[in-house]
Each structure stands twice: as structure tokens, then as C-alpha cells.
Amino acid sequence: MASLTNNTPAFTAVHGHSPWGALLSRSMPTYSGEHKVGVRDAEFMVEKETKGTFARRHVEGQEPKIGFELETVMFTLFYPCKPEKGQSSKVIWFPRLEPTIAGLLKMGNKANLAYKWLAHFCASILTAGTTFPAHKDARLLPPPDSKPYPLIIFSHGVGAPRLMYSAFCGELASRGYVVANMEHRDGTVPSTVITLEDQTMRTIEFINWTDVHWPDLETQPEDETSFRKDQLIMRLAEIDGAIEAIRLINKGEKIRVGPENREGFNRDQWMGNIDIDNYVLAGHSFGGTAVIAAAADPRFNPRAIIATDPAMQRLDPWKGQITCPFLSVNSEEFADSDDFDRLLAATKTVQNESTVLTIPGSTHPSFCDVFLILPGMINRRAGLTASPMKVLNETIKACEHFLRGTIGTVISACDPVHGRQTKPFSRDVEGPMLIQTL
16 MASLTNNTPA FTAVHGHSPW GALLSRSMPT YSGEHKVGVR DAEFMVEKET KGTFARRHVE
76 GQEPKIGFEL ETVMFTLFYP CKPEKGQSSK VIWFPRLEPT IAGLLKMGNK ANLAYKWLAH
136 FCASILTAGT TFPAHKDARL LPPPDSKPYP LIIFSHGVGA PRLMYSAFCG ELASRGYVVA
196 NMEHRDGTVP STVITLEDQT MRTIEFINWT DVHWPDLETQ PEDETSFRKD QLIMRLAEID
256 GAIEAIRLIN KGEKIRVGPE NREGFNRDQW MGNIDIDNYV LAGHSFGGTA VIAAAADPRF
316 NPRAIIATDP AMQRLDPWKG QITCPFLSVN SEEFADSDDF DRLLAATKTV QNESTVLTIP
376 GSTHPSFCDV FLILPGMINR RAGLTASPMK VLNETIKACE HFLRGTIGTV ISACDPVHGR
436 QTKPFSRDVE GPMLIQTL
């Protein structure tokens, strides 16, 4: 793949990680790229549509509604910035802790009072006040080479709000990318707030598949597959809306943004500084599902796609074709699963270069921030045997070289394997990644 940037592909390793996580410092690791990072929330009004054919089960006092209501799209931009002198470089990682915990408990069907009290107590000890190293609403740094910044649109997994991927998005932004980190309103985040044009707000909490039914079906689905398909329809519509919103920002047009940031985007800062015509789609888990589906959808024309542990079961049977370059970075846990077999089968439909990597010692959640927050002893009990910084470092390295057209540098340092492997893959969890010989 041709490089998205003019920069020489010299990789800088991600900074170290305390064995105590963020418990003592209450701060995520500093980004290791050359640029300081700004973050800015945006919520964009779209034409109101209904997505999906399910209905929520009856809730007293509420009219039953069909499907998801697509009214706005929301994302947080991570970007190279030029902060004001003395501007804070700390942004709260979990600004809505209580509703997020409630949503996670609902996801795990642990909604009784004892669980709520215990979860809130533990989460407060581990995460309250934790920040990530970015500048809120800072000025966009003018592109150093006058070439628009490459754009990456990121889609999160089930149960993980958008800021759960701040390390991944911030690292890429510090290396010269604009990253639009989506917040999906498809019932997959613990809790999210939609702000309408009249400034009224509506909260959407996590939705279990058992909370819905399909009025038009005589026989109801026996698992979550049908609901995930409706959620995927909603996700693709949201990604499409986000691309249009960023296109307007890049044209210098005014768009309405979230309640904490009503002044909008400065035309002089943003106009023409994003390479909207060569966007990359990236995602983790169900977000990986979405970007693979988008690559085969005529509405989208991504320059490339990146998926970490994509939930391929949601695309089974896969009948699409991927015409753009494809990178998949996977955990050891995922690479010993039926979904990994489905991923390898799908790569046969890639009509361009495809690379499938695995990080020994990693687990499915290790692509998000959670193991950077928690102390090492908890991470190990949760199954993570590799360093969380190693997982982040290897992922960013693979992504950066892939986007710069130098993925061969990464491949040459990997151990080749063929097909699904049985974990544990290696006793040397700090050793090289594995590369699939496709």
C-alpha cells in the first residue's frame, strides 16, 4: 500500500508502564509520537431514520418503538494540536462513571444492589480521577508539510465506550493522524447521551438481546445473532454519518457539536487539513466486524481497513469482497477460536494485500485501555501474560507501518505460522508477533 504520509517511517516505541497501572499516578502513559494530542467531542445532526426491525419489550409508561432511532452521530477527535501556553494536558478518562458502571452490570446481568455497590466501590478506587494525556479542545496543529492529515475512523467493541480506546487513538494522533473515535448509539455502550437540536438530552443504556423481540417473526431468535445484525446496520449508518460530518468540517462549514463544546470548529484551523478522500476504517471486536462489512459496502470507499479481534461470527456466512488493503492484529485468545478460522477464510476474499498478525500472551480486552489502568497483578489474574504496553506497542507499530506502506518491516521480524494455533503459543510472551502465511 502506498504511504498515507510523507514522513520517513521511523517508529518510536510506546513508553513504559508502571506495575501499578494508573492506580497511584491516576494518569495514563504519555503518548510517544512527536506531536501533542488534542481531543474534541462532536455530535452531528443527521436525517432522522429508523434502523433495524426489532422492538423493545414493553416498558410501563413508554410507547413501544421499532428499531434504533438515528438522530445524531457522535465521535471524539484525537488530533495533533498546538495547545495554549499553560493549557491542561489532562482529560478525565471516565467522565460518566456511575451510569457506565450501571450499564456494564446490566451487560453482565448483575444488576442487584449488592453488585452495584461493590462494583461502584471498586471502580472508584481503580479509576476515579484517572486522566489521559491530551489537551481538551486545543487548536489543531497546522500540518507540518502542508499536506492534510490522514483520517482514521475507529469503531469500538461491545461494552466499551469510545474513551476506552484513548491510548490507541492518542498514540496514532501523536504520530500525525486525525482519529475520529465513534460512540455508537446501538445499545453496545454502557450508557450514552444523545443531545438533540433543541438541547434536550436522551440517555441510551446497554441493551441485551433479551430486552428486544421481533414483532414480524412468528418464531423469535434464540440467541443474539439477529440483534447484532440490526446493530451492525445502525453502526454502518453512523460511520457513514461521521464521514459526512468530517467532510463538512473539512469544508469549513458549521456543524453543531456536543453540549460541552458549543462554539463549533474554527474554520481557519480545520478547513482543508483532513484528507477525507483517503480515510481508513479501524475497529476492535464488533467494531472490527463493522469495518470489514463497510469495506464490502458500496457506500464506503476506505483507503484501507484495520481490525483487531474482529467478531466474524456476526458476518457468517461471509459473502463480501474486500478491495482495499487489510490489516488484522489479533490476541492469542482470539487466534485460538472459531472466529479466527472465519477471519482466515474471509481474507481469501481480499483483492489487495492482507496481513494477519497475532500477539503472544495477549487477550481480547488488551486492545483497549483497561489493562493500562489496572495493576499488573490483576491483569495476570485476568489472563494477560504479556505486558499491556507490549500489546499497545506491537499494535501501533503494525498499524503505523501498514499505513506507511512498510508493513514488510514488521513481517520480517515475525515468526511465520499457518492456520489456527493452540494457546499458549509461546513461553516467550515478550517475543515476536506471529504472521499468518495466507
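My numbering numbers the first residue of the sequence shown as 16 and each following residue consecutively.
A virtual CB, placed ideally from N, CA and C, is assigned to each residue, including glycine.
A quick note: this is a predicted structure, and the numbers were derived from the prediction, not measured.
Please check the pair residue i and residue j, which I expect to be a contact at CB under 8 Å, by giving their CB distance rounded to whole angstroms.
i	j	result
Y164	Y94	7 Å
L211	V193	No, L211 and V193 are not in contact; Cβ-Cβ is about 26 Å, not under 8 Å.
S189	H50	5 Å
A149	V52	5 Å
L187	C339	The Cβ separation is near 18 Å, so there is no contact.
V54	V88	About 17 Å; that fails the 8 Å criterion.
A252	I168	Actually they do not touch by this definition, with Cβ atoms about 13 Å apart.
L178	F109	7 Å
Can you tell which of the options has its C-alpha closest to the C-alpha of residue i?
i	options	result
K266	E253, G256, F280, I254	F280
V227	F83, K51, T338	F83
R154	D283, S47, A175, F147	D283
T145	G303, L389, F221, D255	L389
L418	A319, D354, Y46	A319
P447	S402, D430, E239	D430
G420	S402, G434, N367	N367
C383	N196, P230, I307	N196
D201	G302, W229, P230	G302
F349	T373, K269, K363, Q214	T373
I254	I393, G298, K97, T410	G298
S352	Q436, D331, A397	Q436
P403	I422, V444, T364, I107	V444
Q336	A310, F355, A322, L399	A310
L330	E220, P317, F90, F355	F355
S170	A322, W229, V385, R72	A322
G454	E233, N316, G191, W229	Here the chain has residues from 16 to 453 only, and residue 454 is not among them.
E259	D290, I248, R243	D290
N316	W108, Y294, I107	Y294
Q328	S300, T364, K412	S300
V406	I264, P157, G376, I422	G376
L92	T225, P332, G185, G172	G185
E239	P98, T225, D231, I261	T225
F147	L387, K412, A401, T424	L387
T364	N394, K412, A308	A308
S18	T424, P332, V425, H416	H416
S42	L85, A401, V106	V106
A305	A326, W285, T424	A326
I222	E237, V173, D231, I248	V173
K63	P159, L85, R72, T45	L85
E347	S241, R72, P44, K438	K438
Is it buried or exposed for residue i, if we count other Cβ within 10 angstroms and need 16 for buried?
i	result
D324	buried
H199	buried
Q246	buried
S427	exposed
N408	buried
T23	At T23 the pLDDT is 49, less than 50, meaning the model places this residue with poor confidence and gives no usable figure here.
S161	exposed
H433	exposed
R314	exposed
R250	buried
G287	exposed
P79	exposed
T218	exposed
T370	buried
M392	exposed
E58	buried
L39	Because the pLDDT at L39 is just 48, under 50, the model does not fix this residue reliably, and the value given afterwards should be weighed accordingly. Flag for L39 reads exposed.
M216	exposed
A397	exposed
T203	buried
E268	exposed
L156	buried
T410	buried
K412	buried
R395	exposed
T8	The question about residue 8 has no answer, for the chain in this structure spans 16 to 453.
P230	exposed
D292	exposed
R243	buried
L232	exposed
D213	exposed
P176	buried
Below 8 Å, how does it come out for the segment 95 to 110 and the segment 62 to 72: are there three or more Cβ pairs, yes or no?
no
With a threshold of 8 Å, are at least 3 pairs of Cβ atoms found where one atom belongs to the segment 201 to 216 and the other to the segment 327 to 343?
no
Three or more C-beta pairs under 8 Å: does that hold for the segment 358 to 378 against the segment 443 to 453?
yes
Output the residue ranges of the alpha helix (DSSP H) runs that lie fully inside the segment 281 to 357 and measure 4 residues or longer, sorted by chain position.
Whole alpha helix (DSSP H) segments, 4+ residues: 282 to 285, 301 to 310.
At 4 residues or longer, what runs of the alpha helix (DSSP H) sit wholly inside the segment 352 to 387?
353 to 362
With a floor of 3 residues, list each beta strand (DSSP E) that falls wholly inside the segment 170 to 218, ordered by position along the chain.
193 to 198, 206 to 210
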